[in-house]
Structures are given as C-alpha cells and as structure tokens.
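Peer 1: I have a structure here, written as structure tokens, and I will follow up with some questions on it.
Number of protein chains: 2
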Amino acid sequence: MQHETMPNFLKKRAFLTPERTAVYFNDQTISFKELYEKSYETAGQLKSLGVKKDQYIGVILKNHFDTVVILFALQLMGVKAVILNNRLSKKELVWQVNDSKAAAVILENEFYEISQSVEVPVIKKEDLFAATLEIPEIQEEIHLNDVCTVMYTSGTTGYPKGVLHTYGNHWWSAVGSALNLGYTDRDRWLCSVPLFHISGYSILMKSVIYGMPIILHESFDANKAIGDIKSKHVTIMSVVGTMLFRMVEALEGSQLPNYFRCALLGGGPAPLPLLEVCKAKAVPVFQSYGMTETASQIVTLAPEYSITKLGSAGKPLFPSQIEIILENGGVAQANQAGEIIVKGPNVTMGYLNRPEVSKEKFNQGWFHTGDIGYMDEEGFLYVLDRRSDLIISGGENIYPAEIESVLLAHPDVADAGVTGFNDETWGQVPVAFIVPKKNAKVTEEELIQFCLVSLAKYKIPKSFYFTKELPRNASKKLLRRKLSELVHEGRIQK
Amino acid sequence: MQHETMPNFLKKRAFLTPERTAVYFNDQTISFKELYEKSYETAGQLKSLGVKKDQYIGVILKNHFDTVVILFALQLMGVKAVILNNRLSKKELVWQVNDSKAAAVILENEFYEISQSVEVPVIKKEDLFAATLEIPEIQEEIHLNDVCTVMYTSGTTGYPKGVLHTYGNHWWSAVGSALNLGYTDRDRWLCSVPLFHISGYSILMKSVIYGMPIILHESFDANKAIGDIKSKHVTIMSVVGTMLFRMVEALEGSQLPNYFRCALLGGGPAPLPLLEVCKAKAVPVFQSYGMTETASQIVTLAPEYSITKLGSAGKPLFPSQIEIILENGGVAQANQAGEIIVKGPNVTMGYLNRPEVSKEKFNQGWFHTGDIGYMDEEGFLYVLDRRSDLIISGGENIYPAEIESVLLAHPDVADAGVTGFNDETWGQVPVAFIVPKKNAKVTEEELIQFCLVSLAKYKIPKSFYFTKELPRNASKKLLRRKLSELVHEGRIQK
C-alpha cells in the first residue's frame, strides 16, 4: 500500500529545512543539511568497510554528536541498528551481540575489549571515521514495515530479547506524541537520556520528523540541564523521577523559564511531594507510561491532571489503544485491576529471532505487557505493578530474574531472590535475598564481585539479606513481593 | 498490519478531550463529547432508516452544524459518504448520485426536487433528525485503507469522477499539515470554505485528529471572518485568492491580531500586489498546491519565502513526494517543465467505479496529476498550468470540456471551446467560443439559459465569442490556450 512508503526521514528533512539546526552538542551545532552530508559521508565509509543494506549491525556508543551521525548513516543505508546499552557488562554485551546475529559491531574505543569475545568484525569509531569514502547507496524511500532498530529488554523470562522497531513504530510514536503535546517551530528538546534507550532514540526521530533542534548531553547533569534550558531555549525534556528530583533541588529558589512547557516523565509515576515542588517551580510534568515495545510513551497525563489524577499515567495517545484484561480473558470494568494490553502502530511487531515469544505476547494485534493496572471511570490508566516485579532504578529497567540467575551460579548459593526496595535517589534499587548452601560461608562483598563479572553496575544488589528459606508458593514460584514484607515485618534481617 | 487500524477518530477524540470545544457555529458551541453523542444519536436514526455499514450514501448539505453531525454519524457507522457539491445543477447532482451507485441520499429540503430524478431513497435532513432512535453499531476501529468519503472532480475527460478518500488519506493529510504548520492547543481553524470540498472536509478531520476547535461559517463573508478571527481567537484559516483579496480590502486601515498565524491559500498562486498587501496587514500567507486527489494540500510555501519564491507553491509535505517528468518519461532537471506527479499516503487510491481510469493515472505508486510545472534548484515547485486547462474560479474547479459538451448539445451550435480569462474578483472566469451552425442564429442569452439547465451557476461562461472556426491542431484537438491569444490579438471579437 502507498501508506507504507515514505521518503527517507533525514534526507527529506534536510531537503525541507536545510538551514535549521538539528543538534546542539557541547560547543558543536549542526544543521539538518550538514547532518545529512556527514551521515552520507559516514554511510560511504561504512560501505567501504563492508557494511551492507539489511544487515543487523551492533552499536555500542555513548551520547555524542558522532553517535547521531552513525545512527543516521545506518538509516540512510537501510541497515538495522542493534543499539546496545553501553552500561552493560562485557559478558552481557557479548551475549546480546551473539544473540542478535549482528554482522559487525561499531563501538567506542573503551568497549573494544569485547572484540576478543565476539566472532564478528568490530569497528572502532575512530577507524570508521578514518575509512575510505565510497559512494553509498542511499535508501531514497523507507518502508514503514521495515526494521529500523533493535533494542534489548529483559522481560519476564530473565534473558534479554531484542525488540524490533520498524520505521513505522518510530514514525507513529513521534506523530502520536506531537498530536498530544503539540509542536511548534520554536520547540527544542533536551536529550540527556541515553540514545541507546528508546527514550533517547525517539528524540532523534522526532528531531528529523518535526524538524526540531535537539540539545544532546553526554549524560544527565541537573545544573547543565537547567543552564541549557535557559540559554538554548529548551521547551521539552525527557526525564525519569530521579532526574526531575535533582533538577528541582538544583533550581533552589529559582524557576524554569515559562517557555519550558514539558518535562516528559517516564519510568513510573512521580510521588505527590515531587509533583507539588514541580508545580511551585513551574515545571510542567507530563507523566507517561511506555516501554521499549511501544517505541516510547503510549499513555500520557497532561499536567492539569497531575494532582487530581495522582498516580495515573493518563490516557493512550491518539493512534493507540489500551485495555485491561482479567485472568479469564474478559475485559475489566472501571477500577478493576488486570493485565494491561496495548495496541497501535507504535507497538513492536515482536522480538528478533524469537518468533515463539513474539507470538505468545500478541493476541489479535494486542500486545500483552505483563504489567498490572486499572482504568478509572474516565479512562485514566493507573499502573499498579510493572511486569514480573520489574525494578526501575534511575530510569533503567532491572529484571530480578536476571540477577537471580547470576547469583544462583555462585557455588555457595543454594537459593536467591531479588526484589526492589524504594530509594530516595533512584526510585528503586535491587536487593538480594540469599540462602547459602549448607556449611558454606559467603559474604556480601564476594557476591558483589561475582555479580560484577556478569552484570551492569546498576543491576548489582544494594543490600544482601541472608536467610534460610525464600517465600515460595505451592508450585515453588518465588513470591518476590513477600521478600520486602518479610523485612518490614522484621522476619528477615541483614 | 497493525499500522492500518486505529481507534474511531471522533470517539477517540471525545474520550481524550471530552470537554474541549469541537465546533463554533453561529451562536452554537459544541464540545467533542457532545458532538460524539449527537453523532451517535444520528447514527441510530440513520440505522432506523435502513442505512448500513459499507454503503455509499450521497450527501447534499450546506455548511451547517447539522452537516458536521451527519458526516460524523456516517463515519461512526462505517458508511462511505459521497459528498456532493450543493452548487451543482439538478442535472449534475442526479448524474453524480447515479454514477456513485449510492444507496440513498441525505439532503436539505431545498435540494429535494432531485428526488424525482433519482431511483434511490432520498432522506430529508429534517426527517432524519425526527426518525426513530435505534442503537447503532459503532465502528470502534477504523482501517486506514477503508474508504471514508467520495468527492467528485471533473478532470481531463470532462465527465466527473468520484475521488476515493480513505481514512488513511485524511489522517496523513492532517498529520502532514500539522508537521508543516505546527500545532498547539491554542489553535482554532476558521472554515468558511465548503464542507463538500476537500478544503472544508479536511478541516473537520483535523479538528478530531488534533483536538482543535473549528469555527464554521455558512459561507465566506470577509467581515464575519475578520470579526471571528478577532473574537474567537482564530489562528488558521483556509482561503482562496478571492477570499484573501476581500479580507485585506475589508481590513482597511486595521491589522489582524498577531495570534492569527496562517492563511492557507489554495487554488493557485497569489499575485505579488496581494502578497505585499497581506504582508503589510500582518496576514501570513502559506501558498499551497493540492487537489481533491491529494486530500487537500500536498505542497506548501512558508510565508518567509512568499516574496523571494514568488509564484512558487513550496515544497512537498513530509510524508509526500513530487517529481516532474518529461514526455519521454524521464525525470526533469531543475527549472525544466514537465508533468507534476505526486506520491504519498495522502494520495487517493483511485476513482469510484473507474478501475481503468484509476490504473491509467497511477504508475508505481505515482499519481499523474496532468498539471504542468517545474522545480527550481532548491526543490521549490512552480505550477505553470493546471491540468487540461483547468479554470479555478473563486476556489471552484471548472473543467472546460464539461461546459463544451453542454454547449455542443445545443441544436444551433456546430463547435464550442471554453477557456479561462483572468478576472479581478474570481481569479479566473470561464469564457466560451461558439461556432454556430450554418444559417443558425443563436444568442448569448439563449446559450446561458441552455447551460443553466445542466450546469452550476459558477460554470456558466461569463462571455461568449462567436466565430467561424476554432483553433485545432492536426489531430483536431482543441488548442484552448490559443483562444485567449486570438482575443488578445484582436482576431476574435465579441
């Protein structure tokens, strides 16, 4: 169908508004025309290094102007980018590269050590930019059903799966967001969330689709964010609770300028005291609900409801739908909790090389999130529990099962359970419960070191509780929520 | 594909922003929730009158609040609306109703006389609103490839063809426009163009898709338009040249308020003096190029280019593409004239019950407009000639071939040619050239009366030239452009 093809996003944008600024990065400023030319050049270099259309290519890069160029070069060539989380451990990265069957990996120098452990060519960023220039074949048109990116997410089963994002998923996400938040040619979006997350990558896509300048930061720094909001006329910023908290702290007595119109909050609802401070400091908070599988937010709450609908994530974006279903498959009534299922053109078609899991998660176009929630009489969504005890720590998703399987591999551990504890700084942090093997002696420090071999730092449990038994149900399923209750009741101690 | 289904537009909008105003019409104001409820009720009445999903239903209605309700009721039911131009003659309307194979016609009382000439049930608006209420079956989801509306356009061959608009065409048109013009929740669009034209209907669709109030006028009145821009905070208005001209005249010494940010101009480029007056009076003009087949504008020129790119229609909207092709099928160079071909998700899939014409007009997804133009080095489009000597008079399309075939049916006319003359008020007006039959005497007045039986008033030639021969090429094709030259050269006189 004609609905399915569109001009190449970056090329079209460079044609429409060539002189408009695309990216501010530290002292660098680049227009859409220049970004296109630089990405075109890089595509030519990728070609000379053997990278071809339709390949999956791993990418381990930090937030940087060069990363923007490389990601768009891959789009220009019709290459599918497997964008990996650069905070992962070497072991995790190697696993994901292998799982994706990527034909090659592009990375920053500091991640080069993974090259010893993967069997595919590894291209250092510096070598890429120094490579011979060839004339690349540019995809003049893109097909909305073609895969654009892959991002890994762990999900219920503990091992990560690559979420497929088509150009259409990114396009519809950007459009759904524009229809909700509005868009004017005075908008500028601050991106201090990682480009390897959908939260960051989706800002890149909005930039070319809207023709909107973005301000890219290497990482989040509250004072730098506030400074750029003021000096670079930032109107919108993507945040998680921790970031928002630090920003309102850093504001001290001052306020944000009134052109700053949206702090788009992901990663769980903000607590009332934070919302009240935000209100006092003129930080309009749009709470939202989304996941990698929905190509960024699918449900958003406008600031005028943030107090009256406290704790709600809002209503689904125009092109998208949500439903709450009960265990028997029926649709829930208002205020009745059940599994959140979602549908829409922004929702993934499934997982890379996992047809069975993809099939299992979809039913007649509806994606089963595994998250639990309800809708009130007016259709506002309240998320009660992220899927399978998902821990969200400073905006990063942490799956207990993944940490548990590492802990269980330790020779002195008989059983292990992980759950999230509330934390003032990070929202939540992972906490481990360990049943040592009979007569074995194992220390917290030893387990931390053991975990660091396999897991990203942010996944390492912040506390360890040693106990004789873990709460399990009749079918031996670990009852993770019981773990924190046992601590609160004083039945397990450190 | 999942990309292809979406929630019902009006129902979703009423769910998202129930209290927001949808339509201002004279003293009436209605919210999206109320509009949904009223349309739902009307859908129930249509059901009780036998109207069913997937039928084509003719609609002959004027710009009115009721028309908005009826058009949305048809969408709710999944009925395809054949929206007819109420300025057409009875004969033309009957022809189009029959051609569309519509199952019924909904009309205002004043058009009721066509009921004698069509074989399908005719439903008066008053009878519809007085009908029994049944519980309608609402289309909870729409499919972007489903036909939503049909609008007749004459085109090259002289007889009108029904252009099919899918929900997707309307959706993408609205989205492409929002990405170009921007959209904020302070926007309000004044609709004083006919709802039976794509220019008006597309404003309705934008209203529900954006959640934007529209101000609906029964017809264009410069003072009423200016008054509502000031009192109802209108930010955008669709105009044709004549309207713009009258508005700047009516403004006299005053200016429009500075929140008025866009006069979206269709129906051919504005002349320089008009643009200069607009600039002086703070009327930002966005020139555009589009046609029924592209579901409203496909190319737009931002005001900052209106003088430097004088006469240009601008660049294609983000999701759309244009090319200029030569007679040999090759792609034109910059500044080289050729046929304008267009592609994009807003472009029609073809004509109702005319598979052969539809096929002929498309080539690998590109629609051949028949219009002639060129693009400059920067890709700005200049339209030189509308297809087949199309005459655009006060925003209405007039096809010479259609008028010629009526004139040729007169017993005393041996040959007839029609072309457009420039006109200060209307932009262009149709003018006829008549070769009377040997020894026959026929007068201008007689031909006007004869035309009025078959043609809408705006199509009646404003002047008649009587001559002995019409300029034709070797294959006897009428050279319409020669007609005006002959007058200018004084070789034909009235």
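Chains A and B supply the protein sequences, listed in that same order. Each residue of the first sequence is one higher than the one before, starting from 86 at the first, in the numbering used here. Each residue of the second sequence is one higher than the one before, starting from 86 at the first, in the numbering used here. Every residue, glycine too, gets a C-beta built ideally from N, C-alpha and C.
Please state if the CB of I477/B and the CB of G353/B are separated by a distance shorter than 8 Å.
Peer 2: Yes, the Cβ-Cβ distance between G353/B and I477/B is below 8 Å.
Peer 1: Where I155/A and S124/A are concerned, what is the direct C-alpha to C-alpha distance, given to the nearest angstrom?
Peer 2: Roughly 7 Å separates the two Cα atoms.
Peer 1: Along chain B, which residues have their Cβ under 7 Å away from the Cβ of D231/A?
Peer 2: Residues of chain B passing the Cβ test: none, with the nearest at roughly 12 Å.
Peer 1: Apply the 10 Å Cβ neighbour rule to N148/B and answer buried if 16 or more other Cβ atoms are within range, or exposed otherwise.
Peer 2: N148/B should be labelled buried.
Peer 1: Is the Cβ of Y268/A closer than 8 Å to any Cβ of chain B?
Peer 2: Yes, Y268/A counts as interfacial toward chain B.
Peer 1: Would L131/B pass as an interface residue toward chain A - the criterion being a Cβ-Cβ separation below 8 Å?
Peer 2: Not one chain A Cβ lies under 8 Å of L131/B.
Peer 1: Could you check if H573/B is buried or exposed, using at least 16 other CB atoms within 10 Å of its CB as the buried criterion?
Peer 2: Looking at its Cβ environment, which holds fewer than 16 other Cβ atoms inside 10 Å, H573/B is exposed.
Peer 1: Could you give the DSSP three-state label for D456/B: helix, strand or coil?
Peer 2: It is a strand residue.
Peer 1: From this set, N507/B, F551/B, E334/B, which residue's C-alpha is nearest K522/B's C-alpha?
Peer 2: Here the closest residue by C-alpha is F551/B.
Peer 1: Using three-state DSSP, classify K542/B as helix, strand or coil.
Peer 2: Three-state result, K542/B: helix.
Peer 1: What residues are listed by DSSP as bridge partners for T609/B?
Peer 2: There is simply no residue 609/B to check, as chain B begins at 86 and stops at 579 in what is shown.
Peer 1: Determine the direct distance from the alpha carbon of K138/B to that of V190/B, and round the result to whole angstroms.
Peer 2: Roughly 15 Å separates the two Cα atoms.
Peer 1: Identify whether A486/A lies in helix, strand or coil by the three-state DSSP scheme.
Peer 2: Three-state DSSP puts A486/A in a helix.
Peer 1: Quick check: what's the CA-CA separation for L555/B versus T114/B?
Peer 2: Cα to Cα, L555/B sits roughly 55 Å from T114/B.
Peer 1: Going along the stretch 100-124 of chain A in order, which residues come within less than 7 Å of chain B, judged by CB to CB distance?
Peer 2: From the stretch 100-124 of chain A, only F100, L101 have a Cβ closer than 7 Å to chain B.
Peer 1: Grouping DSSP H, G and I as helix and E and B as strand, with all else coil, what is I577/A?
Peer 2: Correct three-state label for I577/A: coil.
Peer 1: Measure the alpha-carbon distance for Q513/A versus L437/B and round it to whole angstroms.
Peer 2: So the two alpha carbons sit approximately 59 Å from each other.
Peer 1: Any idea if D313/B is buried or exposed, counting beta-carbon neighbours within 10 angstroms, 16 or more meaning buried?
Peer 2: That one is buried.
Peer 1: Please list, in chain order, the residues of the stretch 292-303 of chain A that have any C-beta partner in chain B closer than 8 Å.
Peer 2: Cβ contacts with chain B come from I294, Y295, G296.
Peer 1: Are the C-beta atoms of Q449/A and some chain B residue less than 8 Å apart?
Peer 2: Q449/A does not count as touching chain B.
Peer 1: Can you tell me whether Q406/B is helix, strand or coil according to DSSP?
Peer 2: Here Q406/B sits in strand by DSSP.
Peer 1: List the residues of chain A that Q406/B touches, going by C-beta distances under 7 Å, in chain order.
Peer 2: Within 7 Å Cβ-Cβ: P92.
Peer 1: What three-state label does DSSP hand M86/A in the structure shown?
Peer 2: Residue placement at M86/A cannot be trusted, given a pLDDT of 44 that sits under 50; the coordinates are not used to answer.
Peer 1: Helix, strand or coil for V203/A, going by three-state DSSP, please let me know.
Peer 2: Coil.
Peer 1: Would a check of beta-carbon distances place F345/B closer than 8 Å to chain A?
Peer 2: Answer no: the Cβ-Cβ gap between F345/B and chain A never drops below 8 Å.
Peer 1: From G579/B to F549/B, what distance separates their C-alpha atoms?
Peer 2: Before going on, a small fix: residue 579/B reads as Lys here, not Gly. Computed Cα separation, rounded: 7 Å.
Peer 1: In angstroms with no decimal places, state the Cα-to-Cα distance between L264/B and Y268/A.
Peer 2: Near 8 Å, if we compare the C-alpha coordinates of Y268/A and L264/B.
Peer 1: Any residues in the stretch 263-290 of chain A with a beta carbon nearer than 7 Å to a beta carbon of chain B? Which ones, in chain order?
Peer 2: Of all residues in the stretch 263-290 of chain A, A263, L264, G267, Y268, T269, D270 have a Cβ within less than 7 Å of some Cβ in chain B.
Peer 1: Look at the alpha carbon of K96/B and the alpha carbon of A158/B, and state the distance between them as a whole number of angstroms.
Peer 2: Between K96/B and A158/B, the C-alpha separation is close to 11 Å.
Peer 1: Looking at chain B, is there any beta carbon in it that lies within less than 8 Å of the beta carbon of F518/A?
Peer 2: By this cut-off, F518/A is not an interface position.
Peer 1: For the beta strand (DSSP E) holding L301/A, just list the boundary residues, first then last.
Peer 2: That run of the beta strand (DSSP E) goes 299-301.
Peer 1: List the residues of chain B whose Cβ lies closer than 8 Å to the Cβ of K400/A, in chain order.
Peer 2: Within 8 Å Cβ-Cβ: F100, L101.
Peer 1: Would you please verify whether the beta carbon of A260/A is less than 8 Å from any beta carbon of chain B?
Peer 2: The amino acid occupying residue 260/A in the given sequence is Val; Ala does not appear at that position. Output row for V260/A: interface = yes.
Peer 1: Which residues in the same chain have their Cβ closer than 7 Å to the Cβ of E529/A, if we skip the five residues on either side of it in sequence?
Peer 2: Hits under 7 Å: F549.
Peer 1: Unbroken beta strand (DSSP E) runs of length 3 or more, entirely within the stretch 226-278 of chain A: which are they?
Peer 2: You should have 226-228, 232-238, 246-251, 274-276.
Peer 1: Just to confirm the assignment, what range does the alpha helix (DSSP H) spanning V362/A have?
Peer 2: Unbroken alpha helix (DSSP H) run through V362/A: 357-365.
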